[in-house]
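Contents: one structure, followed by commentary.
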Amino acid sequence: MESTSQPALAPAEKIILQRLTKPEPLPEVSENATASELWQTLRAYAYLDKQLYRLRPLVGKILLRFQDNPELYKELGYADFTDFLERGVQETLGIRRSVRYEALQLARKWGDEISADDFAAIGPKKMRTLNEFANGKSNNRRKLIEAAKTMTVEAFAGMAREKFAVTTESVTSATIRIFTTQEIAERWAEFVANPGVQKHIDSADHGRILEAMIIAFEQEILNDETNGKAGV
Numbered sequence: 072m073e074s075t076s077q078p079a080l081a082p083a084e085k086i087i088l089q090r091l092t093k094p095e096p097l098p099e100v101s102e103n104a105t106a107s108e109l110w111q112t113l114r115a116y117a118y119l120d121k122q123l124y125r126l127r128p129l130v131g132k133i134l135l136r137f138q139d140n141p142e143l144y145k146e147l148g149y150a151d152f153t154d155f156l157e158r159g160v161q162e163t164l165g166i167r168r169s170v171r172y173e174a175l176q177l178a179r180k181w182g183d184e185i186s187a188d189d190f191a192a193i194g195p196k197k198m199r200t201l202n203e204f205a206n207g208k209s210n211n212r213r214k215l216i217e218a219a220k221t222m223t224v225e226a227f228a229g230m231a232r233e234k235f236a237v238t239t240e241s242v243t244s245a246t247i248r249i250f251t252t253q254e255i256a257e258r259w260a261e262f263v264a265n266p267g268v269q270k271h272i273d274s275a276d277h278g279r280i281l282e283a284m285i286i287a288f289e290q291e292i293l294n295d296e297t298n299g300k301a302g303v
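According to the numbering used here, the sequence shown is numbered sequentially starting from 72.
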């Protein structure tokens, strides 16, 4: 997490901090939580260090609440969700792009299915395997979650591919691995998480967004060739 010069926690934020550090289930994100209450929880989270990974499901739910309810971040003085993420979450709280991206994706895909303790037990490598093979709302999801909590990274990946790779839901799927810089990776994470992009594509799915980009770029190239601009 990036260093920040945050002011000291307020009394209410200190109480939240104590609750977040206890070895027990995390407090739920209340449907009636105000913008101020959600922000206080994010501030308390930003003061933690070793427990950051365990708390990402909670952070994701809070960020998703802000994204789905524009009146919340506007109440805090931010123009749009991107402004809230950049000036509020990153510059003020010091929560990195990669952290908030992972947290948001976790909240969107898994909701309440994976608890903070589940998430900590599974770890980042097995989470990537889960995201690859857990399709829809099938029973496979629950089975994979339970297996991921106890198996080694290698054993879990092998089991997932053997049992769940070839299904009616994933038989036509594929994974693309692209090696790039950290900066480009973070820009891609910001791009696919942008509400405007998701609204334009009418989907938050990375594959759909990539497909739309390819189609648009191919069309642009074809138009240039038709107009005699190729190679210019």
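Glycine included, every Cβ here is placed at the ideal spot set by N, Cα and C.
In this text the structure is predicted, and so the values were computed from the model without any measurement.
- Here DSSP, grouped into helix, strand and coil, assigns I166 to coil.
- Your pair I193 and P128 does not check out as a contact, with CB atoms roughly 11 angstroms apart and the cut at 8 angstroms.
- The Cβ atoms of V130 and Y116 lie closer than 8 angstroms to each other.
- By the criterion of a C-beta distance shorter than 7 angstroms, F227 is surrounded in its chain by K197, T200, A218 and A219, once the five residues flanking it on both sides are discounted.
- One alpha carbon belongs to E146, the other to L177, and they sit about 25 angstroms apart.
- In the three-state reduction of the DSSP assignment, V224 falls in the helix class, which pools H, G and I.
- Looking at the backbone, the Cα of L135 and that of M230 are separated by about 32 angstroms.
- DSSP places I133 inside the alpha helix (DSSP H), whose first and last residues are R127 to D139.
- Residue environment analysis places I249 among the exposed positions, since fewer than 16 neighbouring C-beta atoms fall within 10 angstroms of its C-beta.
- DSSP, read as helix, strand or coil, puts T252 in coil.
- Linking A174 to A283 through their CA atoms gives a straight-line distance of about 24 angstroms.
- Take the alpha-carbon of R213 and the one of Y144: they are about 34 angstroms apart.
- DSSP places L113 in the helix class (H, G or I) of the three-state scheme.
- Counting along the chain, the unbroken alpha helix (DSSP H) around F190 starts and ends at A187 to F204.
- Using a 10 angstroms sphere on the CB of T223, the tally of other CB atoms stays under 16, which defines it as exposed.
- The criterion of a C-beta distance shorter than 8 angstroms is not satisfied by R158 and Y172.
- Looking from the CA of I247, the closest CA among G182, E203, A187 and I133 belongs to E203.
- The beta carbon of A187 lies closer than 7 angstroms to those of L97, R125, L126, P128 and L129 in the same chain, with the five residues before and after it left out.
- DSSP, reduced to helix, strand and coil, places G182 outside both helices and strands of the structure shown, so it counts as coil.
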